[in-house]
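Here is the structure we will look at.
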Amino acid sequence: MITPLSWLKEYVDIDVTPQELQDKLFSCGFEVEELYEVGKDISKVVVGKVLTCEAIPETHLHVCQVDCGEHGQFQICCGADNVAAGGKFPVALVGATVYATAKDHKTVEGVMTIGKGKLRGYESHGMLCSGVELGVSENMYPGAGYNGLLVLPEDAQEGADVKPMLGLDDWIFDIAITANRPDCQSIFGIAREVAAVLEKELKMPDLSYTETDAEIPGFKVTVDCPDLCPRYSAHYVTDVTIGESPLWMKRRLALVGIDAISNVVDITNYILKELGQPMHAFDLSTLEGNAIHVRRAANGEKITTLDEQELTLTDANMVICDGVKPVALAGVMGGLNSEIRETTSAVLFESAKFARDNIRRTSRALGKRSDSSARYEKGVDEYATVMALKRALHLIEELGCGKVGCTHADVNTGNSVEPREVKVSIEKVNNCLGIVVPNDEIVKIMKNLALNPSIDGDVLTLSVPAYREDIVTYQDVAEEVIRMYGYEHVVPAFMPSAQVTIGGLNLEQKSELRLKNALCSVGAYEGIHYSFFSPSDLDLLRLPEDAPERKAIRIMNPISEELSLMRTTLAASMINAIVRNQKKGNMEGRIFEIGNVFLPYELPLTRYPDEKARLCVGIFGEKESFYTMKGIAEKVAETLQISFTYEAMSNTFLHPYQTARVLCEGIEVGYFGKLAYDIADDCDLRVPVYLMELDLKVLSKWYGKKPVFTPLPKFPEEQRDLALVVSKETTCGEIEAVMKEACKYITKISLFDIYEGEQVAADKKSMAFTVVFTPKEEAFTTESVDAFVKKILKQLNKNCGAELRS
Amino acid sequence: MNAALEQIKQEILSGAEEIKSSKEAYEFRKKFLDGKTGKIGLLMREMKNIPPEQRADYGKGVNELKEWAMGIISELDTKMKAKELQERYEAEKIDISLPPQGSEQGNLHPITLIRNQLIDIFAGMGFEIYEGTEIETDYYNFTALNTPQDHPARDMQDTFYLSPEFLLRTQTSAGQIHVMENKKPPIKILSPGKVFRSDDDATHSPMFTQMEGLVVDKGITLCDLQGMLDVFVKKIYGENTKTRLRPSYFPFTEPSVEVDCSCFECGGKGCKLCKGTGWIEILGAGVVNNKVLENCGIDPNEYSGFAFGIGIERTAMLKYGINNIKLLFESDLRVLKQLND
Numbered sequence: 003m004i005t006p007l008s009w010l011k012e013y014v015d016i017d018v019t020p021q022e023l024q025d026k027l028f029s030c031g032f033e034v035e036e037l038y039e040v041g042k043d044i045s046k047v048v049v050g051k052v053l054t055c056e057a058i059p060e061t062h063l064h065v066c067q068v069d070c071g072e073h074g075q076f077q078i079c080c081g082a083d084n085v086a087a088g089g090k091f092p093v094a095l096v097g098a099t100v101y102a103t104a105k106d107h108k109t110v111e112g113v114m115t116i117g118k119g120k121l122r123g124y125e126s127h128g129m130l131c132s133g134v135e136l137g138v139s140e141n142m143y144p145g146a147g148y149n150g151l152l153v154l155p156e157d158a159q160e161g162a163d164v165k166p167m168l169g170l171d172d173w174i175f176d177i178a179i180t181a182n183r184p185d186c187q188s189i190f191g192i193a194r195e196v197a198a199v200l201e202k203e204l205k206m207p208d209l210s211y212t213e214t215d216a217e218i219p220g221f222k223v224t225v226d227c228p229d230l231c232p233r234y235s236a237h238y239v240t241d242v243t244i245g246e247s248p249l250w251m252k253r254r255l256a257l258v259g260i261d262a263i264s265n266v267v268d269i270t271n272y273i274l275k276e277l278g279q280p281m282h283a284f285d286l287s288t289l290e291g292n293a294i295h296v297r298r299a300a301n302g303e304k305i306t307t308l309d310e311q312e313l314t315l316t317d318a319n320m321v322i323c324d325g326v327k328p329v330a331l332a333g334v335m336g337g338l339n340s341e342i343r344e345t346t347s348a349v350l351f352e353s354a355k356f357a358r359d360n361i362r363r364t365s366r367a368l369g370k371r372s373d374s375s376a377r378y379e380k381g382v383d384e385y386a387t388v389m390a391l392k393r394a395l396h397l398i399e400e401l402g403c404g405k406v407g408c409t410h411a412d413v414n415t416g417n418s419v420e421p422r423e424v425k426v427s428i429e430k431v432n433n434c435l436g437i438v439v440p441n442d443e444i445v446k447i448m449k450n451l452a453l454n455p456s457i458d459g460d461v462l463t464l465s466v467p468a469y470r471e472d473i474v475t476y477q478d479v480a481e482e483v484i485r486m487y488g489y490e491h492v493v494p495a496f497m498p499s500a501q502v503t504i505g506g507l508n509l510e511q512k513s514e515l516r517l518k519n520a521l522c523s524v525g526a527y528e529g530i531h532y533s534f535f536s537p538s539d540l541d542l543l544r545l546p547e548d549a550p551e552r553k554a555i556r557i558m559n560p561i562s563e564e565l566s567l568m569r570t571t572l573a574a575s576m577i578n579a580i581v582r583n584q585k586k587g588n589m590e591g592r593i594f595e596i597g598n599v600f601l602p603y604e605l606p607l608t609r610y611p612d613e614k615a616r617l618c619v620g621i622f623g624e625k626e627s628f629y630t631m632k633g634i635a636e637k638v639a640e641t642l643q644i645s646f647t648y649e650a651m652s653n654t655f656l657h658p659y660q661t662a663r664v665l666c667e668g669i670e671v672g673y674f675g676k677l678a679y680d681i682a683d684d685c686d687l688r689v690p691v692y693l694m695e696l697d698l699k700v701l702s703k704w705y706g707k708k709p710v711f712t713p714l715p716k717f718p719e720e721q722r723d724l725a726l727v728v729s730k731e732t733t734c735g736e737i738e739a740v741m742k743e744a745c746k747y748i749t750k751i752s753l754f755d756i757y758e759g760e761q762v763a764a765d766k767k768s769m770a771f772t773v774v775f776t777p778k779e780e781a782f783t784t785e786s787v788d789a790f791v792k793k794i795l796k797q798l799n800k801n802c803g804a805e806l807r808s
Numbered sequence: 006m007n008a009a010l011e012q013i014k015q016e017i018l019s020g021a022e023e024i025k026s027s028k029e030a031y032e033f034r035k036k037f038l039d040g041k042t043g044k045i046g047l048l049m050r051e052m053k054n055i056p057p058e059q060r061a062d063y064g065k066g067v068n069e070l071k072e073w074a075m076g077i078i079s080e081l082d083t084k085m086k087a088k089e090l091q092e093r094y095e096a097e098k099i100d101i102s103l104p105p106q107g108s109e110q111g112n113l114h115p116i117t118l119i120r121n122q123l124i125d126i127f128a129g130m131g132f133e134i135y136e137g138t139e140i141e142t143d144y145y146n147f148t149a150l151n152t153p154q155d156h157p158a159r160d161m162q163d164t165f166y167l168s169p170e171f172l173l174r175t176q177t178s179a180g181q182i183h184v185m186e187n188k189k190p191p192i193k194i195l196s197p198g199k200v201f202r203s204d205d206d207a208t209h210s211p212m213f214t215q216m217e218g219l220v221v222d223k224g225i226t227l228c229d230l231q232g233m234l235d236v237f238v239k240k241i242y243g244e245n246t247k248t249r250l251r252p253s254y255f256p257f258t259e260p261s262v263e264v265d266c267s268c269f270e271c272g273g274k275g276c277k278l279c280k281g282t283g284w285i286e287i288l289g290a291g292v293v294n295n296k297v298l299e300n301c302g303i304d305p306n307e308y309s310g311f312a313f314g315i316g317i318e319r320t321a322m323l324k325y326g327i328n329n330i331k332l333l334f335e336s337d338l339r340v341l342k343q344l345n346d
């Protein structure tokens, strides 16, 4: 909320510095996001009187002797066409700062410091300034818009600072207004808070006017949709003369960033800023049927707004119609057909409350925003609605641009604009805060906030003005009390009355943290990726049309297509992360992520989807292999005190022969494998990439497994090395399974060598294992172990065609 | 006889100078001191051939020689071993500036680090950790939190919708309601999680992480909020950190506050980090709005509570001096490797 100090001062006597006011506002909940002097970039510019002015031959320049009073007399060269002896102009002294302009002398291109110069051989000690160079527009000072020097009045004192003269010494407060205080979305609203916090009297805007007998015979307002328009008031103004607004009004509008248009339109804009009430003025001559009719638009109904755009409406939009046709898109913009023109001689003012949500939706759906719609979206109160119409009529009289007729319409749903009575318990207010605020302090604060307090025992009775819709309960009152009393009065306590609770992580959270730490211990770094991904990621993974991963939940209003689907796999984000790393020159590394996938039961969603955590690991680099990833899988199993088994499998994005399904107790928990080469090529990946994805929701059934202690064997273990010749197709897993099946005493099998080559047949390979036998009931003899080996070899031969290597 | 001892003595003295290694020292010892074959040993064996009246003198002379020889040779041995150890070390001199080998230790994401740190602090105060779902309903994310359909506060948050009913939660506060619906006071929960808003620039990411805290019990007041925040802020930013409450607005708390802490960079004097104010905004909080308690079937006449919400990324960025929030979600190893805390 842009708030000029000079405008605030119209309603409150402010006797503190702008910085002090900023601090006061901050402490009571109004953060001043920016505070600056209007002329913050202008310095050392004073009134100068041109004593002599001589043309420099063959140029458009003049060389002038300028009297700057106490600052001295200077020779200044000037190229403006209106420089003349005897005139008074702003002089930027040497060392002054003013705006630099482009060649058009209009476009500001930053701030410049004035130095001594020489033009065509003539020394120049300063610069005579235009309005643009001082940041002053025509609306702020008459003549400032001229493309030449800004002419100062004859009575200006030579040497005086020009800033106060031009209003450049004013201050602008840009104040953040929280959503619960729409009543402060106006200069007057801010003034109410300033008055309260400075404990000053609030001066009311002048609402007086005199009605003439002029009327619109039979004029009638009807509202078909009171839910969208709880209040609609209108008043008739005759004898209108469209013209320019006075300087004071144009200046104020300019300070808040609004261009002056014409007196009647300026009044509506002025009131929007002053009181926070959007107003509209219709040219009465364009209204037919002596009526205003507020209704929902018909589907397909069209209106052309002031900005000459034709809009097609739906019944979600609201229109203001005369007796025949729509003349305004309610709350957003007036219709072109009823706009104020130079010829307008009679006006109908509208001041209405429209439902904020309706205006917001209309504005967004049609892509049409205005100061009015922005204001309605925040919510207006009927107190301001009623007040604003009176203020507009007063300003019509004050500006002398019309006469107030007697036709007045006010359609409402019975909401009172009178204060409401609110009763709260003082004890409850204090209990909420945890401190005891003295009653006289409470009364003082409530008085300052114009809440008219009275106390009877524990009961605080307030008379809450209609614009404070946010004050209803004792908690609301507690907030008002403490923000004015000061948060520094809150005394730190530590829940003296609360019961002791036992906190901490639950099993699932602890297990995930253990997993993360275990993965760090194998050199992996944790990454976090967005929960959404791109449809193109599904294509990257070569997923077929009917793949379950393609049944992803779509965001209705995504930021972009790349971030439009909820993840159904973490693999794509991991590939993208690795691609980014390689592009930045990281040619090896390990990354893991624990994140959710979102699997809908049906689309569109009618119930919560299956949202479940997954672990994804991505490793890349020349040192990595299928087996290093398998080692990471084993690390996960070890951390959870479980064991994994692996089966060959294939999917669309991994190497057909270097991919494993991971199982625990026969239940599938995920997969890992090497990224398929076509995908690696698509992504320009230059080193091997391996991916693993494990379903933590499935794994969570084993969370919390405690290590079980197995007593050390009473008898010594025996160990045998077996070198087997098997067909190349035979897997290590098969052999291990057969061995374990053949002998219950085997506690460990480790492969220590694989050989293919001259010493074995071409279609064979040799695999060498160390097998550990652990005795249970009694010690082994050499014969008993030999017997185990014999049985194992027999089974291996039978099941895998394995032979002992000779 | 003395001549024989003297000769051995001389032999040892001259022989010792020739010894170059501990192995030679060992052989040298054997040569003289071995019980069976050593020269001094042999002298002892001669005892039986010595006339009895001379035996005492003879024995004394040989023993003295033996002890003297043991001393000399042990010293020699020690010297050689020390010399050899030194040579061995010298032979193994390496370039200690060569790159390290062996398995690399990874680290947790800065968001997880901060999250764990906060969890530790609050778990110690009796908070349970509750993680809600990222996909929520409009009811739990807004309506139950006193933000009905046309409430102005909805404009504060640009929401991603998945259907008219389902959305990506914009705040972890959504989890509050689930907890309060299912658990009666005393309630102390901490709810960390990903939240989503349609915002995308250097300081805003469409996904970020919040941690919501909620306490509901008998007699909870604004003072308890201040007290708990003081403890929390000192633990995370240091003993001398101060907190400041100032009025703000959230639909689900009343009164609502923004909490600033004294700048941990400059200690409150004013610097670039705190933009000269001496204070840094760290979280939003407030007394739980009675309407929220009522929505969850908790009687506000009996119970009251406070809630607070911390932005984890902001905390991480402040703590580690990270300048762009996007860096946290790109898994750039050059970034992740630096943030080992």
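Residue numbers (my numbering), protein chains in the order written: chain A, 3 to 808; chain B, 6 to 346.
Every residue gets a Cβ at the ideal spot worked out from N, C-alpha and C, and that includes glycine.
Please read all numbers here as calculations on a predicted model, not as lab measurements.
When you compare the CB of residue i with every CB in chain B, is at least one pair closer than 8 Å?
| i | result |
| --- | --- |
| A/M497 | yes |
| A/G525 | yes |
| A/N586 | The sequence shown places Lys at residue 586 of chain A, not Asn. For A/K586, the answer is yes, since a Cβ of chain B falls inside 8 Å of its Cβ. |
| A/F175 | no |
Looking at the unbroken alpha helix (DSSP H) that takes in residue i, where does it start and where does it end?
| i | result |
| --- | --- |
| A/Q721 | No alpha helix (DSSP H) contains A/Q721, which is instead part of the beta strand (DSSP E) from E720 to S729. |
| A/L696 | It is not in any alpha helix (DSSP H) - A/L696 instead sits in the beta strand (DSSP E) that spans V691 to D697. |
| A/I484 | Y476 to Y487 |
For residue i, collect the residues of the same chain with a Cβ closer than 7 Å to its Cβ; drop the 5 residues on either side in sequence, then sort them by chain order.
| i | result |
| --- | --- |
| A/L10 | I16, I189, I192, A193 and V196 |
| A/I218 | Y238, N292 and T409 |
| A/Y487 | V439, E443 and I447 |
Restricting to Cα atoms, I'd like to know which of the options is closest to residue i.
| i | options | result |
| --- | --- | --- |
| B/E244 | B/G272, B/S253, B/D265 and B/W73 | B/G272 |
| A/D268 | A/L255, A/Q279, A/L277 and A/L350 | A/L255 |
| A/G416 | A/I260, A/A468, A/T345 and A/F76 | A/A468 |
| A/G505 | B/I99, B/A128, B/D205 and B/L323 | B/A128 |
| B/S336 | B/C276, B/I116, B/G218 and B/A149 | B/I116 |
| A/G220 | A/D241, A/E290 and A/D208 | A/E290 |
Tell me, please, whether the CB atom of residue i is closer than 8 Å to any CB atom in chain A?
| i | result |
| --- | --- |
| B/A128 | yes |
| B/C301 | no |
| B/T177 | no |
| B/E133 | yes |
| B/V238 | no |
Over what stretch of residues does the beta strand (DSSP E) that includes residue i continue unbroken?
| i | result |
| --- | --- |
| B/C271 | Careful: B/C271 lies outside any beta strand (DSSP E) and carries neither H nor E. |
| B/F201 | I192 to F201 |
| A/A94 | K90 to T103 |
Please compile the residues from chain A whose C-beta is within a distance smaller than 7 Å of the C-beta of residue i.
| i | result |
| --- | --- |
| B/F334 | I530, H531 and Y532 |
Residues in its own chain within less than 8 Å of residue i by CB, not counting five upstream and five downstream?
| i | result |
| --- | --- |
| A/K518 | E528, F594 and I596 |
Name the chain A residues that come within less than 8 Å of residue i, Cβ to Cβ?
| i | result |
| --- | --- |
| B/V220 | M497 and A500 |
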